[in-house]
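Contents: one structure, followed by commentary.
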Amino acid sequence: MAAAILSLARFSSDPVVKAAAKDIEKSIAQGEQPALHIVWVQGQACSGCTVSLLNSTDPSIVDVLIGQVKELSPVVLDYHPTIMPQWGVEHLSSKAAESVEEWSAVSILRKAERGELGPYVLVVEGAVPDETTAAMTGGRWCTIGEDKAGPLTLTEELLSLAGNAAVVLAVGSCAAFGGIPHGSPNPTGAKGVMDVLGANWKSSLGLPIINIPGCPPAGDWIVKTVAHLLLTVKGILPAPKLDKEHRPTFLYGWLMHDKCPRGSYYAAGQFINKYGEPYCVYSMGCKGPIVHCPITVTGFVEGTGMCSAFGSPCIGCTMREFPDPPYSPFLKALPAPVIPPAEALAAAAVIGVAAGALGSHVLKAKKKVISKSSSKEG
Ligand code: FSX
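In terms of this note's numbering, the sequence shown opens at residue 8 and continues consecutively.
Following this line, the structure appears as structure tokens:
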């Protein structure tokens with residue numbers, strides 16, 4: 008079984024996914040499959056999500072595109088501003104007329120919008136600004152190309168491309184929730200894709216918008232999710248289960264703190280006083296106990312690299328409110344928990360759950376232990 012399915016099956020305990028992984032082998036054995044397409048547009052972003060994409064390893068985006076992952080093959084990355092070879096029309100004026108179509112980047116978008124590309128995953132990287140405020144002064148916040156009619160805004164292209172997309176994937180916290188561009192005071196009115204299209208928006212296949220937040224997300228989160236969605240489009244896998252923020256639960260279904268490699272120090276009440284110490288970084292403002300993020304399981308590249316393991320506090324970059332409170336100030340510790348009164352603990356003991364409750368409250372209260380009850384996620 009190839010890398011993508013091994014990865015999905017390893018991440019998911021869902022028997023449906025495991026059974027589907029076996030079915031894939033049969034499906035491949037039956038012969039050639041039609042090409043699936045990826046159209047990737049970029050808005051208000053730093054391109055970090057694209058750097059992450061290029062750092063994916065399990066499977067790598069290169070392996071996916073060159074057909075090494077047979078279950079997904081053939082996959083075509085038709086449009087990606089950073090890594091595709093095509094140029095805009097301005098560069099084509101001196102070319103032979105017949106080559107214009109082939110080398111015009113915008114023509115690929117038009118083909119997709121007309122439904123001539125074939126089934127495609129529309130990936131959005133970056134936040135979407137409110138062009139109405141820019142228009143008041145005759146300007147634009149975010150353009151992604153131009154044709155003979157003039158500059159094309161991300162907003163208008165998103166609305167056009169979403170119409171024919173088999174599924175829309177918002178990669179990075181900017182595309183998912185607005186991210187850094189929407190941080191207060193949000194001068195451009197930046198929003199995530201879900202807030203532009205609507206939380207109840209559905210693709211032509213009836214699939215909701217899927218968010219892969221992170222600033223940036225690890226490359227493997229992106230490719231694993233794209234792989235899952237391509238198999239969903241093929242009718243091989245069911246759509247991934249999502250949480251209320253439309254994040255796949257196979258990646259974001261737990262709190263970062265729950266699987267933190269420094270968690271034993273938290274339980275022992277040992278916190279760092281200065282950077283470089285090996286203990287829990289809650290004291291330096293780590294937001295891990297209220298943040299849904301898979302980094303402490305997956306690492307960043309090939310299983311290595313993660314915020315808390317390196318002694319850096321989690322700043323909540325996978326969360327909707329990021330970079331605003333409660334995730335900032337980044338270096339300010341979360342509030343101490345409210346310790347239940349002794350009678351409540353005694354009552355819990357009577358019904359047999361005292362062990363868990365006491366376990367968490369054995370922590371030295373003076374050490375400012377964080378309560379999960381402060382999480383907005385509940
Ligand atoms: Fe945003 Fe992507 Fe933050 Fe950057 O491009 S998620 S600014 S690290 O990476 O969109």
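Just so it is clear, CB atoms sit at the ideal spot from N, CA and C, and this is done for glycine as well.
So, with DSSP's three-state summary, where would you put Gly55? helix
For the ligand MN, is there a heavy atom less than 8 Å away from the beta-carbon of Cys149? Absence of the ligand MN is noted for the structure shown, with the ligand FSX being the only ligands found.
For Asn207, does the count of other Cβ atoms within 10 angstroms reach 16, so buried, or fall short, so exposed? Counting Cβ neighbours within 10 Å, Asn207 comes out exposed, since fewer than 16 surround it.
Suppose you measure from the CA of Phe184 to the CA of Ser54; what does that come to, to the nearest Å? 16 Å
In chain order, what are the residue ranges of uninterrupted alpha helix (DSSP H) at least 4 long that sit wholly in the stretch 237-284? 256-259, 270-274
Throw me the rounded Cβ distance for the Thr62 and Gly226 pair, which I believe falls under 8 Å. Position check: residue 62 holds Asn in this sequence, whereas Thr was assumed. At roughly 4 Å, the Cβ-Cβ gap stays under 8 Å, so Asn62 and Gly226 are in contact.
Which value, in whole angstroms, describes the spacing of the CA atoms of Cys267 and Ser315? 7 Å
Taking the C-alpha atoms as reference points, what is the distance between Val294 and Ala42? Looking at the sequence provided, one finds Lys at residue 294 rather than Val. If you take the alpha carbons of Lys294 and Ala42, they lie about 42 Å apart.
Verify the contact flag: Gly312, CB atom, against every heavy atom of the ligand FSX, threshold strictly below 8 Å. no
Cut-off 8 Å between Cβ atoms - residues of its own chain near Cys125, not counting five sequence neighbours on either side: Residue identity check: residue 125 is Gly in the sequence provided, not Cys. If we look at Gly125 and ignore the five residues flanking it on each side, its Cβ neighbours are Pro41, Ala42, Leu43, His44.
Taking the beta strand (DSSP E) that Gly157 belongs to, which residues open and close that run? 157-160
Could you pull the DSSP bridge partners for Ile217 from this structure? Paired residues: Leu176.
How many Å lie between Gly122 and Val200 at the Cα? 21 Å
One question on the structure: do Ser59 and Gly221 come within less than 9 Å of each other, judged by their Cβ atoms? yes
Reducing DSSP to helix, strand and coil, say where Pro22 ends up. helix
Using beta-carbon positions only, say whether Tyr286 and Ala340 come within less than 9 Å of one another. Judged by beta-carbon spacing, Ala340 lies beyond the 9 Å limit of Tyr286, meaning their Cβ atoms are not closer than that value.
Got a sec, what are the start and stop residues for the alpha helix (DSSP H) Phe115 sits in? Reading the sequence as shown, one finds Ile at residue 115 and not Phe. In the DSSP assignment, Ile115 falls within the unbroken alpha helix (DSSP H) covering 112-120.
On the three-state DSSP scale, how would you describe Val360? Reliability of the predicted coordinates at Val360 is poor, the pLDDT of 43 falling under 50, and no value is obtained from them.
Can Val178 be considered in contact with the ligand FSX, in the sense that its beta carbon sits closer than 8 Å to one or more heavy atoms? Val178: yes, Cβ under 8 Å from the ligand FSX.
Is Ser54 near the ligand FSX, in the sense that its beta carbon is under 8 Å from a heavy atom of that ligand? Judged by the Cβ position, Ser54 qualifies as a neighbour of the ligand FSX at the 8 Å threshold, a heavy atom of the ligand being closer than this.
Short of 7 Å in beta carbon distance, which residues of its chain neighbour Gly385, apart from the five on each side in sequence? Order them along the chain. Caution is warranted here: a pLDDT of 33 is assigned to Gly385, below 50, making its placement in the model unreliable, and no coordinate value can be reported.
Between the Cα of Asp65 and those of Pro247, Pro320, Thr305, Gly145, spot the shortest distance and give me the residue it belongs to. Thr305
Using the DSSP secondary-structure output, state which residues sit across from Tyr127 in a beta bridge. His44
By DSSP, does Asp65 sit in helix, in strand, or in coil? The answer is coil: DSSP assigns Asp65 none of H, G, I, E or B.
Three or more C-beta pairs under 8 Å: does that hold for the stretch 82-90 against the stretch 186-204? no
Between which two residues does the alpha helix (DSSP H) containing Phe203 stretch? The amino acid occupying residue 203 in the given sequence is Val; Phe does not appear at that position. Element bounds for Val203: 200-204.
CB of Thr57 to nearest heavy atom of the ligand FSX: below 8 Å? yes
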